[in-house]
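Single-structure report; data block below.
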Amino acid sequence: MKSKIVLATVLAFFLFSANTCTKDLTFYVLDTRYDEATRAFFNSNENIQPYVYLGEFAIDPRKTGKFEESNIVSAINNYIPDPSATSVVSLNIESDIYKKLRDKKTGDKEAKSASDEFIRIVKIIKRERPNVQVGIYGIPFRFFYSSQKGVNDGGKFDELFKVVDYISPSLYMMYPNRQIGTTKNKAYIESNLKYALELGEKFGKPVIPWVWHIIHPSNKEYGGNLVDKSEFNDYLNLIATTSFNGLKASGVLVWEPSDASFNTYMQRVGQQRSLKSNVNLDKNSLIKYYLEDLTK
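Residue numbers (mature numbering (1 follows the signal peptide of the UniProt record, and there is no 0)): -22 to -1, 1 to 274.
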C-alpha cells in the first residue's frame, strides 16, 4: 500500500511540474486541420490559440519559384479574410530563397537577394493586414552540431528580423532519446533556443519556435515515428524553462501536416507503442493526447 502511495505522489509531482513549467507558454495550433470536437477542445483552453499558415503552395500556386504580389494578396484574402485580424501568421517558404539564405555567406549578393525577397513578402502581408503578427518558419536555421551554426553568423538576417514580429526557429525533434541519448537532445534544444533568444533580445522580438510530436522525416531510421509522450513533455518543459538574459520563449507553434503526409507517417510499424492503448492513430486524438497535460 505504501509503495502505491509513493508512486501516486511521484506521478502527481511530474504532472504538476509539466503544467507549471508550460503554464506561461501559448500553444499555437493549425486549427483548420482538425475536426469540430478538437477545435472545441482548443477553444476551451486559454493556453491554446490558432495560427495562420501561409505556405509556399498558397503564395506560389503554380510553383514558379516567383512570388507575385497578386498571388500573395489573393492568399491573404483567402486565409485571413478579416482586414482587422490580429492573428499570428507563419510564412513558410523552403525553396530557392530559403536555401540561398541558408547556404550563401553574409554579403553574397544571392543571400541579400533572398533576404530582400522575404522582406518584400512580409511587407505585403503587413500592408494588407497591419494588425497580424508575422514570423518566418525556420530562421535562424537549425543546427545540431556547433559546426553547423555558422550558417546563421555574420548578421545575415539583420534586415529581415527588423520587419518580422517574432522569431521562429524550428525545434523539431531530429532523433528520439533511444537513438542518441537525452543529453544530446537537451543540448540541441538549449543551444538553438538560446541562440534564437539572443537574437530576440537584440531585435526586441519574441521567440515562438516550431515543435512537432513526430520525429523529423529526415531521420532514416525513426523519421515519421511518434515522439514518446514523456519525451514530448520533457521537450516542451525544456523549451518553457530555457532562458537567455531572463528571456524565454513566449509560445510554440505546433505543426500538423496534410492528411496525406500524416497518414503516411501513421502507417509506420510500431506507432501504437508510443501511445496509451486507448488512443487512436488519428490527428484529432493525437493532438489532444500530446497537449492535454501541458495545457491544463
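Glycine included, each C-beta is placed from N, C-alpha and C at the ideal position.
Two segments are said to touch when three or more pairs of C-beta atoms, one from each, lie closer than 8 Å; by this definition the segment 32 to 47 touches the segment 72 to 84. Close CB contacts of VAL257 within its chain, under the 6 Å cut and outside five residues either way in sequence, are with SER263, TYR267 (chain order). With distances taken between CA atoms, TYR153 lies nearest to ASN163 out of ASN163, SER146, TYR144, PRO147. In its chain, beyond the 5 residues on either side, TYR153, PRO154, GLN157, ILE193 have a beta carbon closer than 8 Å to the beta carbon of TYR200. By the 16-neighbour rule on beta-carbons within 10 angstroms, GLU209 is buried.
For GLN157, the enclosing alpha helix (DSSP H) stretches over residues 155 to 158. For TYR150, the three-state secondary structure derived from DSSP is coil. For GLY182 and ASP212, the gap between their C-alpha atoms comes out near 28 Å.
Looking at the DSSP output, ILE26 sits in a beta bridge with PHE5. Secondary structure of PHE222 (DSSP, three-state): strand.
The shortest CA-to-CA distance from SER93 to any of LEU79, ASP86, GLY85 is the one to LEU79. Going by C-alpha positions, ASN25 is about 38 Å away from THR84. About 7 Å separates the beta carbon of ALA227 from that of ILE186, a gap short enough to meet the 8 Å contact definition.
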